[in-house]
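For the record, the sequence lines run as chains A and B. Counting the first sequence from 1 gives a position; this note's numbering is that position plus 4. Counting the second sequence from 1 gives a position; this note's numbering is that position plus 42.
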Amino acid sequence: MKHRSIDILVVVAITIVAVALTFTVTANSVLGRIWTLPLVLVLPGYALTAVMFPRGSLGVLDRLVFSLGLSVAIVILGGLALNWTPFGLRASSWSVLLASITLGACVAALVRRQGRSVIGSARWGVRIPGFTVRQGLLLGLAAVIVCAAIVVSSIGAAQQPFPGFTQLWILPTGGAKTSNTVHLGVSNMELKAMQYRLIVNMDGKVVKVWPSIGLKSNEKWEATLVLPQTEYVQVEALLYRAVAPTTIYRHVTLWHRT
Amino acid sequence: MTSVLREPELLADDIIITVLPTADNWGWLPALSLTSAVGLLLVALSYNASRFAIQGSEPLYWFGLLMLFLPIAWRLFSPDAARRERIALLILSGIALYFTKVLEYPLYFTYYDELLHVRTANDIVASGHLFQANPGLPISPFYPGLEIVTNALSSLTGLSTFAAGSVLIGVARLLLVLALYLSYEHVSNSAQVAGIATLLYVACVGWFNGGFSYESLSLSLTVLVVFAIALRCAVGGHRGLILMICLGIGATVITHHITSYMLTAFTFLWMVTSFPQSRHKKGYVGPGGVALLALVLCVVWLQYTGDMALSYLSPHFDSTVHQVSQILAGEKVTRQLFHGGAGFVTPLWERVTAFASVALIVLGLPFGLFYIWRYHRTNAAALALAGGALGYPVSQAFHLIPAGAESADRSTAFLFFGIAFVLAIGATQFWLSHGPSWRRATMVMGAVGIIFVGQTILGNGPLWARMPGPYLVSADQRSIETEGITAAEWTGSYLGPGQHIATDRVNTLLMMTYGNEWTVTALNAKTDVALIFTSLQFGPEIETILQEDKIQYLVVDRRLSTGLPWVGTYFSVNAANTLQSKTIDPAALTKFDSVKKVSRLFDSGDIIIYDVEAITDGSPTASTSKSSSG
């Protein structure tokens, strides 16, 4: 039985490994968790196909199509079912659901295969031939070129030129928007290091000056400013660049809410 | 001569079909893999050239696409290729053409519909549950199949939504190619016809169906269901196939409304064409039961979702009917073809090729229809496919109606299921049936090349939409760039998610996905939000809009005043699909600076974020005399 059902045993093994990975490897470890991918896209469908269509009844291509399609359908309908449970659609609930379906179907397939004889290569309907060295080289070269295309495009997209910019913001602190402290921030997205000067006015009077804020590209500066008085109408922050010290570069205002 | 497979046969109680290979070699696959890979690399290089505004990107793009497509087409049209080689070539071309879409924007989703679905996917991740409200596409959470599978993938693997979605659509694409091939092969009993038809379908149905959109996934499931029905009709009531069909229809119904309706319509058409068979063939299991099942499931889901699909689709339908009646009454002129937003006119050669492509398809249909009638008229599935193809000329007429143009584009994915089959039958029976001839083969390849290029032009939009490049005003994917993305991320981080924000079309997408904000749009607003940004004065009318729709923040993109919108509108899509003809006045976008109690919280040069909650809360306001410093 073992030899005849090696495919099912492999499915069981991958399923168990996938479940173990879900519960032992953190979600941000993609390299560790990527091995759970077949549990979504292939295994449930393959196992169910094995139950419904015993070996020899389908060609490899038909089985592949049914495995992929059934897996997707099972996940969609399973997601709907999970939504109605208190667990919802989470990694753990997905893992348990898909593993249960897959392992249940594997058991059913193993039971169904018992006592059935399968004859030689006709089991799969198709015999997949290998490649000659020359064919292998051509395919290998094609794979390298596809990888090159992906790298070229990804680098091009990441390095696509865009006009640099600086963000300036002002927010009231404390949440109630009635506090006398404000939160200020500058973010340099100019693609080069920048020197800024920041002036804060309260009702037209300067209350704070940061004469030099140096930021490298993609660097951010933030500060909390306690205003000298709680009664004010408007706080204004003006940002200047060192290269154009008299021209307002960015400008934000905060109206006091009473 | 065509490669003929033996008839599917019932071997035992639970044995369906075993199609035997005709040869044991891979034929031209290795060499054509290389040409396809080089074609893909050329396309990737053309994208980079376009990104860096280097001349010559367009010829490189077309050369790459044709290098990818034509050699495979040539081989698939040949009667010599083995079944295995054909299948491998179809997988190769299907995946390679999908990659031409992925490589355009390989770092994140940028297409309009993709970002709408990203919001639904993000909501499921955040809440762990379905049916969370989506401000940009309210119907999307109620057809969550795509997002459910993406959630399963990203939850289990740790992949981002972009990576998980891209893998899923790639797998859906693979499933589509294989299911199409098997369906066509089953109906025609010819690997050659199946190969040609599948290639025509995959190559001619545009990028929209390769994007992260519910239709991309549902199409694959639908074709799989059709294949399962075809098998069931051939072998009788196999329990496994019945389960397969039920699961497939169920998944399709909760993935995409239109696709599930099209599947239902097709199965009913198939039921009609199979009447003669059901009357003369004892024990014949037709698609009637499946058609009824599909109808019932569609109705049940429609009821469960509170008729969301009807309220979503009916404005488009009403608008189309209204415009048709206006055109017939002479009150309205037809839509100017190949004229888009911002005054963009498709280049002459593209227009000619697109027209030639449609003409070749329309002219090719009678050949296929003739041979289907002659040799396959007892084949109910072939007749149903032929019937579906007849809708093509009608669908093309909808391009002349402003509100119908999008429907015409989107119907291609469904109609081409039949068109590709009819054209493949016509090509093999009429054009390629007289033995090897270089002249005929060249003519056929030329026609196929024109159809491919023309359908790419029609399906993937105008040149600016097909290629990445510098920022364009209101141009969907061409307007998604770092300044907008970081502004949206800033709102999510500093203002918190779920704020009621009003903004333009592109920043709506960014705010609802990268910022996770509740964007107020024409779809969910009580008032005309666009007026906030187009009115030159900040008056009581705008205050009323802000108050009625409880808008807390305005995101103003000053670049809107630098040009007309490339997609035709600055704000949400209107059902009438009319083009904006007037640029927004810069003063309309800077007026908020002079309004008392409107805080200017964020300034990144082009994008300004205003806090208008004081007005929404009902505080009295007045314009100040302070001028904008820009």
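Quick reminder that beta carbons are idealized off the backbone N, C-alpha and C, glycines included.
Item	Value
Sheet register partners of Met206 of chain A (DSSP bridge)	A:Lys209, A:Val239
Residues in the region 28-41 of chain A having any Cβ partner in chain B nearer than 7 Å	Ala31, Asn32, Ser33, Val34, Arg37, Ile38, Thr40, Leu41
is_contact[Thr561 of chain B, chain A] using C-beta, thresh 7 Å	no
Test: Ile522 of chain B CB closer than 7 Å to a CB of chain A	no
Environment of Val404 of chain B [buried if 16+ CB atoms lie within 10 Å]	exposed
For Lys224 of chain A, the first and last residue of its enclosing beta strand (DSSP E)	224-230
Boundaries of the alpha helix (DSSP H) in which Ile649 of chain B is found, first to last residue	Taken as a continuous stretch (DSSP letters only), Ile649 of chain B belongs to no alpha helix (DSSP H), being part of the beta strand (DSSP E) at 649-653.
The region 185-195 of chain A in contact with the region 143-155 of chain A per 3-pair CB rule at 8 Å	no
Assigned exposure category for Gly488 of chain B - 16 Cβ within 10 Å defines buried	exposed
Through-space distance from Ser516 of chain B to Val28 of chain B, alpha-carbon basis	Residue 28 of chain B falls outside the range modelled here, since chain B spans only 43 to 672, and no answer is possible.
Check: Ala507 of chain B C-beta below 6 Å from any heavy atom of the ligand FAD	Among the components modelled here there is no ligand, and therefore nothing to report on the ligand FAD.
Listed by chain order, chain B residues near Ala165 of chain A by CB distance under 9 Å	Here residue 165 of chain A turns out to be Pro, not Ala, going by the sequence shown. Correct list: Arg93, Phe94, Ala95, Pro512.
Within-7 Å CB hit, Val597 of chain B to chain A	no
Endpoints, alpha helix (DSSP H) assigned at Ala489 of chain B	480-501
Rounded straight-line distance, which links the Cα of Ile38 of chain A to that of Ser31 of chain A	The residue asked about is misnamed: residue 31 of chain A is Ala in this sequence, not Ser. Using only the alpha carbons, I get a separation of about 10 Å.
Whole-number beta carbon distance between Ala214 of chain B and Ser258 of chain B, since they are thought to touch under 8 Å	6 Å
Option in A:Pro232, A:Gly218, A:Glu226, A:Tyr200 with minimal Cα separation from Lys209 of chain A	A:Pro232
Chain-order list of residues whose beta-carbon lies under 8 Å from that of Ala629 of chain B (same chain, five-residue window excluded)	Leu578
Those residues which DSSP pairs with Asn192 of chain A across a bridge	A:Thr170
With 16 other Cβ atoms within 10 Å as the buried cut-off, status of Ile657 of chain B	buried
Cut-off 6 Å between Cβ atoms - residues of its own chain near Ser302 of chain B, not counting five sequence neighbours on either side	Thr294, Val295, Cys340
Between the CA atoms of Ala22 of chain A and Leu242 of chain A - distance to the nearest angstrom	55 Å
7 Å Cβ cutoff met for Trp173 of chain A and Gly189 of chain A	yes
Integer-rounded CB distance, given that Ala445 of chain B should sit under 8 Å from Ser367 of chain B	Between Ala445 of chain B and Ser367 of chain B the Cβ distance is about 12 Å, and since that is not below 8 Å, they are no contact.
With 16 other Cβ atoms within 10 Å as the buried cut-off, status of Tyr354 of chain B	buried
Test: His255 of chain A CB closer than 7 Å to a CB of chain B	yes
Pro113 of chain B, enclosing alpha helix (DSSP H) - first and last residue	99-119
Contact with chain B by Ser158 of chain A, beta-carbon distance below 7 Å	yes
Exposed unless 16 or more other CB atoms sit within 10 angstroms - verdict on Phe27 of chain A	exposed
Own chain, CB closer than 7 Å to Asn566 of chain B, minus 5 neighbours either side, in chain order	Pro177, Pro180
Between the CA atoms of Gly328 of chain B and Thr470 of chain B - distance to the nearest angstrom	28 Å
Whether Phe463 of chain B touches Ala245 of chain B by CB criterion (7 Å)	no
Interface flag, Leu551 of chain B vs chain A, CB-CB below 7 Å	no
Minimum C-alpha distance to Thr524 of chain B - residue among A:Thr170, A:Gly218, A:Ala246, A:Val211	A:Thr170
Local Cβ density within 10 Å of Leu62 of chain B, reported as buried at 16 or more and exposed below that	Because the pLDDT at Leu62 of chain B is just 44, under 50, the model does not fix this residue reliably, and the value given afterwards should be weighed accordingly. It counts as exposed.
Classification of Arg93 of chain B by the beta-carbon crowding that lies within 10 angstroms, buried from 16 upward	buried
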